[in-house]
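So the structure is just underneath, and the comments pick up after that.
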Ligand code: ADP
Ligand code: ASP
Ligand code: MG
């Protein structure tokens, strides 16, 4: 019998009607004679609601308690989905992380997976039951509850598929695949039939929230193909898999944006060895990830301005740390900006093409968008711009790189 791992996201289980609909889909596959493990998210909006409750109570909610709170959303949906399956006469068992020993480290709110007791799921299969597993949550070696970061149910599902040796991990969501850009802000977005792990990793880490970045890392490491499909229609789908020769080698295959960044500039620090190390080690000690960094020298060559971006969630903490360093660094000023966003182009074809970045800059300039910061890697170029220009920028780049057509290339345009 085939082992099928499916994951249903928040909108797919966002109401009782939808949970019943999902149960019918699962029942059909079960009756076809498959072993099925289903991972579910909390109902749409529920995790946000729980976070707001905590924020209404405390300025910095304790991370351990935050996990106890936000993991409850998934407990509701596994129970409801299991009830719906019982009503369809499908034997099923809802499971919380502790019941399958879904072990993680103790980095609360963004824990990393250590291992999962695959045998506990296999026993459920042997008993002829469907396993309905709470996504997003884990348990530390001392049995504290953890969560895997926003969107973490994707990673729960891929990890489960990996340990069960499933041939595929099916991710059901509210779009019918991975698009060239977020279809909710760009009408011309085109669905891709296939995408490589590396491209998907870049798209996800640069803001395309259709898959959590860590789920793609896992899939790549354990070579688990991911099929992204719509819960509500059988059409379409995108297979995320190893790069192979007949995959489209687009110069630019996707555009992403990320509103969750904030910029901090430290003006007039001494231009001498050790300054950057001092700033960034202070931030990393507090577990704050820095994304882009730029440093400019002042005209007299003695003072430098340093700007960097952090996630908006870390902005207040990062500002506090930097303010505490002002005297030590001899900095003249600190300027924070939360009204920024990052817009990026991604494509494996960039490895072998020159001129992609300049084409991006020219396209943004054409519609009057100012670029505040730039960063590049082998297969992506990112720019920090004013948040209010995100939609305009995404559409402009989509058009410039002709992503609505297959086989776009620099030569063609
Ligand atoms: P779920 O609740 O099922 O996990 P998410 O909201 O996390 O769903 O992810 C699906 C959403 O991701 C879509 O509704 C879409 O707006 C957004 N998205 C952003 N970028 C892309 C992209 N490149 N392709 C498809 N969807 C994208
Ligand atoms: N419920 C969690 C969230 O909203 C996990 C998930 O949906 O994947 O982030
Ligand atoms: Mg998601």
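Residue numbers (my numbering): 47 to 459.
Virtual Cβ for every residue (Gly too), placed ideally from N, Cα, C.
Between the C-alpha atoms of residue i and residue j, what's the straight-line distance to the nearest angstrom?
i	j	result
residue 374	residue 383	23 Å
residue 82	residue 53	11 Å
residue 341	residue 369	18 Å
residue 85	residue 72	12 Å
residue 127	residue 332	39 Å
residue 177	residue 249	31 Å
residue 1	residue 282	Limits of the chain in this structure are 47 at one end and 459 at the other, which puts residue 1 out of reach.
residue 157	residue 193	6 Å
residue 264	residue 141	22 Å
residue 344	residue 262	42 Å
residue 153	residue 414	42 Å
residue 434	residue 416	11 Å
residue 171	residue 78	14 Å
residue 150	residue 164	15 Å
residue 410	residue 447	12 Å
residue 113	residue 122	15 Å
residue 361	residue 303	18 Å
residue 299	residue 135	45 Å
residue 237	residue 221	10 Å
residue 257	residue 348	45 Å
residue 233	residue 224	14 Å
residue 480	residue 377	No statement about residue 480 is possible, as the shown extent of the chain runs from 47 to 459 and does not include it.
residue 454	residue 426	With a pLDDT of 46 at residue 454, under the threshold of 50, the predicted position of this residue should be treated as unreliable, though the coordinate-derived value follows. For residue 454 and residue 426, the distance between alpha carbons rounds to 16 Å.
residue 255	residue 197	8 Å
residue 459	residue 438	In this predicted model, residue 459 has a pLDDT of only 33, less than 50, meaning its place in the structure is not dependable enough to derive any value.
residue 231	residue 387	15 Å
residue 244	residue 289	8 Å
residue 110	residue 397	43 Å
residue 318	residue 324	11 Å
residue 116	residue 159	18 Å
residue 124	residue 402	46 Å
residue 251	residue 392	11 Å
residue 307	residue 419	12 Å
residue 432	residue 99	30 Å
residue 67	residue 443	38 Å
residue 191	residue 355	30 Å
residue 139	residue 51	15 Å
Is residue i near the ligand ASP, in the sense that its beta carbon is under 6 Å from a heavy atom of that ligand?
i	result
residue 201	no
residue 93	yes
residue 264	no
residue 357	no
residue 87	yes
residue 182	yes
List the DSSP bridge partners of residue i.
i	result
residue 141	179
residue 391	301, 427
residue 274	217, 284
residue 308	356
residue 169	According to DSSP, which records beta bridges pairwise, residue 169 is partnered with nothing at all.
residue 422	427
residue 349	316
residue 184	192
residue 382	310
residue 53	85, 217
residue 343	350
residue 432	386
residue 113	Note: residue 113 sits in no beta bridge, so no partner.
residue 150	159
residue 336	356
The ligand MG heavy atoms versus the CB of residue i: any closer than 6 Å?
i	result
residue 119	no
residue 197	yes
Is residue i near the ligand ATP, in the sense that its beta carbon is under 6 Å from a heavy atom of that ligand?
i	result
residue 134	The ligand ATP is not part of this structure, which contains only the ligand ADP, the ligand ASP and the ligand MG.
Got a list of residues with beta-carbon closer than 5 Å to any non-hydrogen atom of the ligand ADP, in chain order? 55, 56, 219, 220, 221, 224, 225, 228, 230, 254, 255, 256
Quick check on the DSSP output: what are the complete alpha helix (DSSP H) runs of length 4 or more inside the region 226 to 269, in order along the chain? 243 to 251, 259 to 268
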